[in-house]
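Structure first, commentary second.
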Amino acid sequence: MWYYTFKYVLLGPILRLLGRPRIEGLENIPDRGPAILASNHLAVMDSFYLPLMVNRRIYFLAKSEYFTGTGLKGAFQRWFFSAVGQIPIDRSGAEAAAGALISARRQLEAGELMGMYPEGTRSPDGRLYKGKTGLARIALDTGVPVIPVAMINTDKLNPPGSIIPRPSRIVVKIGTPLNFARYEGMQGNRFIERAITDEIMYELMQLSGQQYVDIYAASLKNKPAEDATTEHRSAA
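In this text, residue positions in the sequence shown follow the working numbering: the first is 10, and each later residue adds one.
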């Protein structure tokens, strides 16, 4: 109930006014049945504009920090992100994230759409970073198609660290579904999981027009500012 109240009454009209969004390739999303929407990740607003522009409900994996806050703010965050279909994921390691990946599989087995960000975190500078293999693992386990999604200009509307949105024209591009049936029975093979992940990232690069960087975004974020600047220059 709250999902659609936010989408059509409370937040949706404001988001449309701020972002004047349009969507391309909506026909690539099935009217029913499970699929993984694999998106680039530029801003928090990605998780708002993609559901806004797609008719079906989308469930997302969200960082666990949204669910562990304290006080009134923490309680509101937990309620809000749970109400709009976010599933908490602990990003401290593969074992810690296992529970969230199981929850994602359950949603897919129930015929739902699952939104995932293979980069694992927001891009720190607008470039596209190396994908993590959790998404590929779920795709192999469930056999569902993976649909690449490019979010455009959400980082201009919602720059990292900003509170007040800056009106910008948002574009959502939906790519052709990717089928990995040729890898059936190869679950657990880390080389296959990496090959699938790299194929997804290539499609996202083509769809978004972003420059690709073959390192994890999280590793760049965790480096001292001076080291990160040096690496940015060397990759340019």
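Beta carbons are placed, not taken as given, at the ideal position from N, Cα and C, and that holds for glycine.
This structure is a prediction, so every number in the text was calculated from the model and none was measured.
Contact belief for residue i with residue j at Cβ below 8 Å, rounded distance in angstroms
| i | j | result |
| --- | --- | --- |
| Ala44 | Leu144 | Not confirmed; about 12 Å, so no contact. |
| Glu128 | Ala226 | 5 Å |
| Ala159 | Leu216 | 4 Å |
| Tyr12 | Val63 | The Cβ separation is near 12 Å, so there is no contact. |
| Lys139 | Ile224 | 6 Å |
| Gly135 | Arg41 | Contact flag wrong, Cβ pair sits at about 35 Å. |
Residues near residue i by beta carbon distance below 7 Å, same chain, minus five either side
| i | result |
| --- | --- |
| Thr185 | Asn37 |
| Tyr211 | none |
Helix, strand or coil at residue i according to DSSP, with G and I counted as helix
| i | result |
| --- | --- |
| Lys263 | With the chain covering 10 to 245 only, the question about residue 263 has no answer from this structure. |
| Leu19 | helix |
| Tyr211 | helix |
| Ser48 | strand |
| Glu118 | helix |
| Gln95 | strand |
| Tyr126 | coil |
| Ile173 | coil |
| Phe85 | helix |
| Met54 | coil |
Test item: CB-CB of residue i and residue j under 8 Å
| i | j | result |
| --- | --- | --- |
| Leu59 | Leu46 | yes |
| Gln220 | Leu137 | yes |
| Pro133 | Leu229 | yes |
| Leu187 | Glu202 | no |
| Leu24 | Leu61 | yes |
Cβ neighbours of residue i in the same chain (closer than 6 Å, five flanking residues each side left out)
| i | result |
| --- | --- |
| Leu117 | Pro43, Met123, Thr151, Val153 |
| Gln95 | Phe69, Ala71 |
| Thr239 | At Thr239, the pLDDT of 48 sits below 50, so the modelled position is not reliable; the number obtained from the coordinates is stated separately. No residues qualify anywhere along the chain. |
Does the segment 162-175 touch the segment 52-60, meaning 3 or more C-beta pairs lie closer than 8 Å? Touching, yes, given that three or more Cβ pairs across the two stretches are closer than 8 Å.
For the segment 177-193 against the segment 145-155, do three or more pairs of beta-carbon atoms, one drawn from each stretch, fall closer than 8 Å, so that the two count as touching? Enough Cβ pairs lie closer than 8 Å, so yes.
Using 8 Å as the cut-off, can you tell me whether the segment 172-187 makes contact with the segment 14-31, which would need three or more C-beta pairs spanning the two stretches below that distance? Contact between the segment 172-187 and the segment 14-31 is present: 3 or more CB-CB pairs across the two stretches fall below 8 Å.
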